[in-house]
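So the sequence lines, in the order shown, correspond to chains W and C.
Take the first sequence: its position 20, counting from 1, is numbered 726 in my numbering, and each next residue is one higher.
Take the second sequence: its position 36, counting from 1, is numbered 742 in my numbering, and each next residue is one higher.
Glycine residues also receive a C-beta, built at the ideal position from the N, C-alpha and C atoms.
A quick write-up on the structure given underneath.
There are 2 protein chains.
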Amino acid sequence: MDRIDAAILKSLAADARAPVSAIAAEVGLSQSACTRRIQALEASGHLLGYGARLGHRRLGYRITALVDITLGTQVEEDLARFEAAVAQIDGVVECALVSGGQDYRLKILARDLDDYERLHREHLGRLPGVVTINSSFVLRAIPTRSEAEALFGGR
Amino acid sequence: MDRIDAAILKSLAADARAPVSAIAAEVGLSQSACTRRIQALEASGHLLGYGARLGHRRLGYRITALVDITLGTQVEEDLARFEAAVAQIDGVVECALVSGGQDYRLKILARDLDDYERLHREHLGRLPGVVTINSSFVLRAIPTRSEAEALFGGR
DNA sequence: TTTCCTTGGGAACGCCGATGCGCATGGGAG
DNA sequence: CTCCCATGCGCATCGGCGTTCCCAAGGAAA
Numbered sequence: 707m708d709r710i711d712a713a714i715l716k717s718l719a720a721d722a723r724a725p726v727s728a729i730a731a732e733v734g735l736s737q738s739a740c741t742r743r744i745q746a747l748e749a750s751g752h753l754l755g756y757g758a759r760l761g762h763r764r765l766g767y768r769i770t771a772l773v774d775i776t777l778g779t780q781v782e783e784d785l786a787r788f789e790a791a792v793a794q795i796d797g798v799v800e801c802a803l804v805s806g807g808q809d810y811r812l813k814i815l816a817r818d819l820d821d822y823e824r825l826h827r828e829h830l831g832r833l834p835g836v837v838t839i840n841s842s843f844v845l846r847a848i849p850t851r852s853e854a855e856a857l858f859g860g861r
Numbered sequence: 707m708d709r710i711d712a713a714i715l716k717s718l719a720a721d722a723r724a725p726v727s728a729i730a731a732e733v734g735l736s737q738s739a740c741t742r743r744i745q746a747l748e749a750s751g752h753l754l755g756y757g758a759r760l761g762h763r764r765l766g767y768r769i770t771a772l773v774d775i776t777l778g779t780q781v782e783e784d785l786a787r788f789e790a791a792v793a794q795i796d797g798v799v800e801c802a803l804v805s806g807g808q809d810y811r812l813k814i815l816a817r818d819l820d821d822y823e824r825l826h827r828e829h830l831g832r833l834p835g836v837v838t839i840n841s842s843f844v845l846r847a848i849p850t851r852s853e854a855e856a857l858f859g860g861r
C-alpha cells in the first residue's frame, strides 16, 4: 500500500468501470503494472469488489429513513434474534449495533410514506425485543467527501 | 424499466466490473441488447455510476461514528453555512438534514479513537451554529439486504 | 560482488464491447 | 383486415482492451 495503490483505489472508487488503461495513465503506470496492482489489492482485501450507484429517486424510492431502535435486553441471544429478523426485511440497507444506550441504527429505503408506514407496521413493529422505535426522515442529503477521499485524504 | 432492467441493475450492483457478456447471460439477453440497455439506464439516470467497495479495516480505519448534531437555528443561511463547513471535513462520508428536531446526522470514518478525538476537536467542535453533538460508535455492522435487493425486492 | 526478490515495461494473444444491419413482434391508422 | 411504423432483439464485425507471458532494472542480503 503506497501512494500509487491509493491513487488506484481512488480512481476505481470514482469509476469502477473505467478501462485499466485509463487508470494506469492517471496514476502514471503501464497497463500491466496497474493490472497486477489491482489484482494484488483484490487479493489482499483492500479492494472488496465493485458496485453500481443507483438513482433511488429515479427508481421510485423517495424516502430514506434513519431509524433508532432500543431493545429491552442486552443478552447476546436476543441481539442475535433481532439481527436475524432485521436482515430479512426488504428496505433495510444498513443496520449497526452502536454504543451509547445499546441500541441499533438502521437506514431504510421506501417508495413513499405509505410504503414506509407499511414497512413500519408489518416488519419493524414485529421485531423481537424492541422497546422503542424512533424514525427520522432524510430531508436533504448533503454532498460530502467520498469514501475514498476520506480514506486517502482530501480532494 | 422492466424486469430485465432490474436484473441488470442487480447484477451490476453485485459486480460492476463483470463482463457485459456475463450479465447478458445472467439476464437472458444477447451482449448487444444488454449493452444497449445499460447505456439507456445510464442515460435515463437509473444508473448513476460505478464504484469500488473498499476494505476500511484493512486500510487502517477501524472506527465508524454516527453523529447527531443539533443547530441553534433553522435559518436557511445558517444551515447552508453549516453544510458548506461539513463538506470540507475529511472523514465525513455522509451527512443528512433530517426531520424530527431539525438536526443533522453524519457518518464519519476514523482510524482509531485518537483520530476521531482529533476530528471532533479540530473540526466538529468548530462547526458554525452547533448546539449539541452526540457521537455513537458502530460496535458491529449487521449484514442486511443490499441496496439493489431493497430496491428490486427480495433474495 | 553475486544472488535473489521485487516491481515495472513491452508485446502478443484472446476476449470484450460498441455499432450497424436485418428481422420479428406488436400497436395504431386507414 | 392490412399496412406501416416503432420498438427491441440477435448476429456479425472490428477496434480496443485486458491478461499474461518475458525480460530488465534496482535494492537488500549474504
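Counting along the chain, the unbroken alpha helix (DSSP H) around Arg827(C) starts and ends at 819–828. At least one C-beta of chain C is nearer than 9 Å to the C-beta of His752(W). Gly757(W) reaches chain C at Leu718, Ala719, Ala720, Asp721, Ala722, Tyr756, Gly757, Ala758, Arg759, Ser852, Glu853, Ala854, counting residues in chain order whose Cβ is nearer than 9 Å. Secondary structure note for Ser841(C): its beta strand (DSSP E) is the uninterrupted segment 836–847. Taking a Cβ-Cβ cut-off of 7 Å, the neighbours of Cys801(C) in chain W comprise Ile848, Thr850, given in sequence order. At the C-beta level, Thr770(C) and Val844(C) come within 9 Å of one another.
Asp784(W): member of the alpha helix (DSSP H) spanning 782–792, first to last residue. For Ala730(C), the three-state secondary structure derived from DSSP is helix. The DSSP-derived three-state label of Asp796(W) is coil. Per DSSP, the continuous alpha helix (DSSP H) segment holding Thr741(C) begins and ends at 737–750. Interface flag for Val804(W) against chain C is set, since a Cβ pair is found closer than 9 Å. For Ala758(C), there is no enclosing alpha helix (DSSP H); the residue is found in the beta strand (DSSP E) stretching over 753–760. The contact set of Tyr767(C) on chain W, defined by CB atoms closer than 9 Å, consists of Ala856, Leu857 in chain order. Taking the Cα positions, Lys716(W) is about 8 Å away from Phe858(W). Within the same chain, Ile814, Leu815, Ala816, Leu825 come within 7 Å of Gly797(W) by CB-CB distance, once the 5 residues on both sides are set aside.
For Leu830(C), there are no C-beta contacts with chain W under 8 Å, since the nearest C-beta of that chain is about 13 Å from it.
Under the 10 Å beta carbon count, Val781(W) is surrounded by fewer than 16 other beta carbons and is classified as exposed. Look at Leu833(C) here: in three-state DSSP terms it is coil, with no helix or strand label.
Contact annotation, Gln737(C) with Ser750(C): C-beta distance approximately 20 Å; criterion of less than 8 Å not satisfied. Under the DSSP definition of a beta bridge, Ile769(C) partners with Ala816(C). When only Cα atoms are considered, Ser805(W) and Asp821(W) end up about 30 Å apart.
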